[in-house]
Every structure is written in C-alpha cells, then in structure tokens.
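*Asks:* Take the position in the sequence shown, starting the count at 1, then add 51; the result is the number in the numbering used here. For glycine and all other residues, C-beta sits at the position ideal for the given N, C-alpha and C.
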Amino acid sequence: MMAAKAGGSGTILFGSRGDVLIGGEVFDFNGILRAGKFRLMGRELACMAQARGIERRSDFFKFSLRKLMVSCFSEESVAAAHNSYRNFVSAGKMTAGETRRGPIANAARHVKLDFLKNAGLPDKDPVFLAAEAYPDRAVRDRYSHIFSSIAMRVMQSAERGAAEHRMYFADVWSDRRIVEFVLACPQYVIHRMSQPKRLVRMAMEGIMPDEVIRGARKVSPEELYYKALRNGSRDVVMSLMTNSRCADMGYVEDDVFKERFQSFLKGERPCDDIWPTLTLEMWLRKHWS
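#1: Do you know whose CA, among G58, I63 and A57, lies nearest M218's CA?
#2: Ordered along the chain, which non-local residues of its own chain (more than five positions away) have a Cβ less than 7 Å from that of V190?
#3: If you draw a straight line from the alpha carbon of V303 to that of E274, how long is it in whole angstroms?
#4: Name the residue from E310, E256, I155 and L331 whose alpha carbon lies nearest to the alpha carbon of D174.
#5: Is the separation between the beta-carbon of H242 and that of F89 shorter than 9 Å?
#6: Just tell me which of N282, R249 and A267 has its CA closest to the CA of E95.
#7: If you pair each beta-carbon of the segment 294-310 with each one of the segment 328-339, do three or more pairs fall below 8 Å?
#8: Let me make sure I understand the geometry here. Which of G87, R85 and E76 has the alpha-carbon closest to that of A102?
#9: Which of the three DSSP states is assigned to E332 in this structure?
#10: Over what stretch of residues does the alpha helix (DSSP H) that includes I241 continue unbroken?
#11: R68 and I197 - do their beta-carbons sit closer together than 9 Å?
#12: Take V71 as the anchor and find which of Y277, S225, N81 and A221 has the nearest alpha-carbon.
#13: Once the 5 residues before and after F315 are set aside, which same chain residues still bring their CB inside 6 Å of it?
#14: Please classify A279: is it buried, with 16 or more other beta-carbons within 10 angstroms of its beta-carbon, or exposed?
#15: Per DSSP, what kind of secondary structure is F220 in: helix, strand or coil?
#16: Would you call F65 buried or exposed, if buried means 16 or more other Cβ atoms sit within 10 Å of its Cβ?
#17: Can you check the segment 251-281 for any alpha helix (DSSP H) of at least 4 residues that lies completely inside it and give the ranges in chain order?
#18: Are S295 and D305 closer than 9 Å when you measure CB to CB?
#19: According to the neighbour-count rule (16 or more other Cβ atoms, all chains shown, within 10 Å of its Cβ), is I258 buried or exposed?
#20: Does T330 pass the burial test, meaning 16 or more other C-beta atoms within 10 Å, or should it be called exposed?
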C-alpha cells in the first residue's frame, strides 16, 4: 500500500470477501433434490467425495447418505448429534458434566472448558440466530459465511490498513444489493462443488477470455504448511507444546494438545485447529514475562 500510495493511487480494491459470498463450504444438496436434478446431485456428491479422498464405493455411499441427511434435517438436530459424538469420542479426556454446547462446542478440544466458560460466550452464536430468519438450510449457511466473525474481522482489518495509508477502501462484495441477491438465490445456482463460483464465472463470459475464466482459481498454500508441520518444523512445534505458557495460564490442556498433534503426524486426523494456539504461545513467550 505504501508503494501504491507513493505511485499516486488513492483507492485500494478489495475482493477477498467474494469467497464467502459466492464460494466456500455452502453446498445446496436439498435445493438440488427439490428441483429434481438427480444427475446433478450425483455429480456433486462424486466431486465432493473425490475432493475428500473417498475412493471405495461403500465409503462413497456412506458419505453420500450422510451429506443428504445433513442437508435435510435441521441444524439443531445435526449439531446435537455431532456434539454428542464428539463428547463420546473425547469421553476418556473429559470429566462428567463437561458437555460442550453452543459456541463452546466449536473450540478445539485442547482448549480448557473452564477457560471457555469464563469467557462469557453466548449460548448461541448471534450470527446463527440471525440466520434463522431464512427457512432454507443452504441460505442460512451462506448468511453465516458472509457475516461470520472472522470474515468481519478481515474486512475491518483491511479497512483500517487502507485508512492508515490514507487510501479509500473499495469492496464490491460489501454492496448490500449483491448480498441480498445472493441470499435470494438457490445456492446451487450460485456455487457448486463441480462448478466453483458458478454464477460469477458465467457472468464474466464475453468479458474475460474463456481460458482465463476456466483457469481462475485460488492456489492454497496449506499443503506447504502441513509438510512443514510433519517434517522441518516438528521439533519446533513440540517445543512450543512443552511447558507452554498457554497451559500455565489455564488456556489449554498440554497433554490433549500434544496428542492431537501426534495423531496428525500419524495421519489419523487433520491438524487445522492448532495454529491459533501456537501463535498465541509464540506471542506469550515473546511479550509476556
């Protein structure tokens, strides 16, 4: 931004919110079924199974059934069943009465329950409550994506960054008319597993070259992150988990934290919920005596 400002630019265009508006993990299986598009349903499930690394036919049918059940039943029923399962799996690491409900249930399992309870979190995420105004499950998911706390914080941070450099912040995806349009559409029209960000790509036909439209995609660096965790940074991560400041301050359970990481190294589970704790640990060691 400093270079842009020095070059005479007065406006910064911001577009990352498009991911939550017309992309992301919102897949309208229920809407596809209601529309009677059974071939499309088969393609969508096959694409999703492939992306999840599901190859065996028996596993594919189980996966498909689970996805259809999630799309057809209420969020409360699915969340209750999911939380019961998580609590059952973690029973050996939890004492009686440590049932996690509401926003607390979204926390990583190594975060201490006492700490979460003392944080004063609401019984239900306010964004989820607001989303209940929409009867369609996929639209509620889309609303929750758009107005999630992390999406809003990213926008606020970007706007502050532009203001610090005295630049005008412009974000087309924050236009209320576009948000209202997206929430009014069947979500399978907007975005599909087999056709990511489908509607926007169609809108660009005749404006952008076809090869550019087909090739436009995000290249995620997460595989480099996972490779570093498994190899070069393994010892560093373990040192951050050993005698940690986070544990000393009552934020996490050291043993559970290490167990999750060891399970990741063995290929038994993903490791997508340790980074916030690791960064907090690094900050505490550097700035908190």
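*Replies:* Per the coordinate set shown:
#1: For the residues G58, I63 and A57, the minimum Cα distance to M218 belongs to I63.
#2: Hits under 7 Å: L234 and Q238.
#3: When rounded, the separation of the alpha-carbon atoms in V303 and E274 is 26 Å.
#4: Its Cα nearest to that of D174, the residue I155 stands out among E310, E256, I155 and L331.
#5: At least 9 Å separates the beta-carbon of H242 from that of F89.
#6: Check the Cα spacing between E95 and each of N282, R249 and A267: the tightest is with R249.
#7: Judged by Cβ distances under 8 Å, the segment 294-310 makes contact with the segment 328-339, as three or more pairs qualify.
#8: The alpha carbon of A102 has as its nearest neighbour, out of G87, R85 and E76, the alpha carbon of E76.
#9: If DSSP states are grouped into helix, strand and coil, E332 belongs with the helices.
#10: Under the DSSP assignment, I241 falls in the alpha helix (DSSP H) whose first and last residues are Q238 to I241.
#11: Yes. Within cutoff.
#12: Closest option to V71, Cα to Cα, is S225.
#13: Within the same chain, F315 has close Cβ partners C322.
#14: That one is exposed.
#15: DSSP, read as helix, strand or coil, puts F220 in strand.
#16: So F65 ends up on the buried side.
#17: Along the segment 251-281, the alpha helix (DSSP H) occurs as fully enclosed runs of 4 or more residues at 261-266 and 273-281, listed in sequence order.
#18: Yes. Within cutoff.
#19: Under this definition I258 is an exposed residue.
#20: T330 counts as exposed, since fewer than 16 other beta carbons sit within 10 angstroms of its beta carbon.
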